[in-house]
Amino acid sequence: AQKITQTQPGMFVQEKEAVTLDCTYDTSDQSYGLFWYKQPSSGEMIFLIYQGSYDEQNATEGRYSLNFQKARKSANLVISASQLGDSAMYFCAMREKNTGNQFYFGTGTSLTVIP
Amino acid sequence: GAVVSQHPSRVICKSGTSVKIECRSLDFQATTMFWYRQFPKQSLMLMATSNEGSKATYEQGVEKDKFLINHASLTLSTLTVTSAHPEDSSFYICSASLSGHSYEQYFGPGTRLTVT
C-alpha cells in the first residue's frame, strides 16, 4: 500500500485566495512526522512545514498551515492568500519512528496560481 | 535552515563514462544522507540511504554496482554513476538529515545528468 497519497495531480487557485492540497498517509506506527515540501521549476526542494504525530495543535508557518486529522490519517496543506510565486509542485512526506531514517513521498500536486 | 550543496549542478557525459556527484552538508553533521532520482513531472524516487561509515542501503531495483555511493564523512556523500547510459539521464537530488522521525531533510539543489 502507498504510504503517502496525494490525489490531486494539478490544482488551480486565484491569486489571494486560499487553497488546500490533500495528503493522506498510511502507517501503523504511533510516532511519525509529516512534512510538506515545495519544488519550484528550478528543482530545489524547499521545506515548508512539519507536524508530529503527537502534536495536538495544527502546525502553522506563516501562510502555510497543516490541517492534521489523525483519525482520518490526513495532513492537508492549506496555503492562504496565494501568491504567484506559490506556483510549484508540492510534495507531502512522512517519516516513521520504526522505519528509522527513510522518508516516504507522495506523487505531488502541481499548483498553479492564476493572476 | 541547514545548507546542503551538490556538485555539479549540471553534467553532460558520453555513454560508457562514469560521473561522480558530490553532496555536502555545510553547517551540520548529517548522520544520514539520501539519494533520489526524479524524472520530469514525477515524484522523488529514493535510490539509497547512506549512513556515515557504513555501506549504503539500496532500494529494490537500484543496481548497487551501477550507482556507487560513498559516505566517507558526516558532511560528504558521493554518488558515482558508472558506465552511464542515456537512460540514466535524470535529475539526481541528495538530502541530509539527522536521525529521528521529527527531523526534516535538507535537500541539495540537484544535479541534472544528461548522457549522450
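For the record, the sequence lines run as chains A and B.
Numbering-wise (our numbering), the first sequence opens with residue 1367 and increments by one.
Numbering-wise (our numbering), the second sequence opens with residue 306 and increments by one.
Backbone N, C-alpha and C define an ideal beta-carbon position, used for all residues, glycine too.
Computed from a predicted structure; not experimentally measured.
In summary, the residues of the segment 1409-1425 of chain A whose CB is separated from some CB of chain B by less than 9 Å are GLY1409, GLU1410, MET1411, ILE1412, PHE1413, TYR1416, GLY1418, SER1419, in the order they occur in the chain. Non-local beta-carbon contacts of ILE398(B) in its own chain, meaning distances under 7 Å to residues more than five positions away in sequence, involve TYR341, GLN343, LEU349, PHE412, GLY413, GLY415 in chain order. Close CB contacts of SER1446(A) within its chain, under the 6 Å cut and outside five residues either way in sequence, are with ALA1384, ARG1429 (chain order). Annotation: GLN1380(A) to PHE1471(A) spans about 27 Å, alpha carbon to alpha carbon. The continuous beta strand (DSSP E) containing GLN343(B) extends over residues 337-343. Here the alpha carbons of THR1386(A) and LEU1477(A) stand approximately 10 Å from one another. Three or more beta-carbon pairs separated by less than 8 Å are not found between the segment 317-326 of chain B and the segment 1393-1404 of chain A, which leaves the two stretches without contact. Chain A places no beta carbon closer than 7 Å to that of PRO345(B), leaving this residue out of the contacts. With its beta carbon at least 7 Å from every one in chain B, GLY1376(A) lies outside the interface. In the DSSP assignment, ALA1441(A) is bridged to PHE1434(A). Within the DSSP secondary-structure output, HIS312(B) pairs in a beta bridge with GLU327(B).
In the three-state DSSP reduction, LEU1450(A) falls in the helix class (H, G or I). When secondary structure is reduced to three states using DSSP, GLU1410(A) falls in the coil class, being assigned neither helix nor strand. Membership of ALA377(B) in the beta strand (DSSP E) is indicated by the continuous run 372-378. Excluding its 5 nearest sequence neighbours in each direction, PHE1434(A) has C-beta neighbours in its own chain below 6 Å: GLN1417, ASN1424, ALA1441, listed in chain order. Pairing PHE1378(A) with PRO1406(A), the inter-Cα distance amounts to about 15 Å.
Secondary structure of GLU392(B) (DSSP, three-state): helix.
For the segment 1373-1406 of chain A, the set of positions with a beta-carbon nearer than 7 Å to some beta-carbon of chain B reads SER1397, TYR1398, GLY1399, PHE1401 in chain order. With respect to the 7 Å criterion, GLN1374(A) and THR1473(A) are not classified as neighbours on the basis of their beta carbons.
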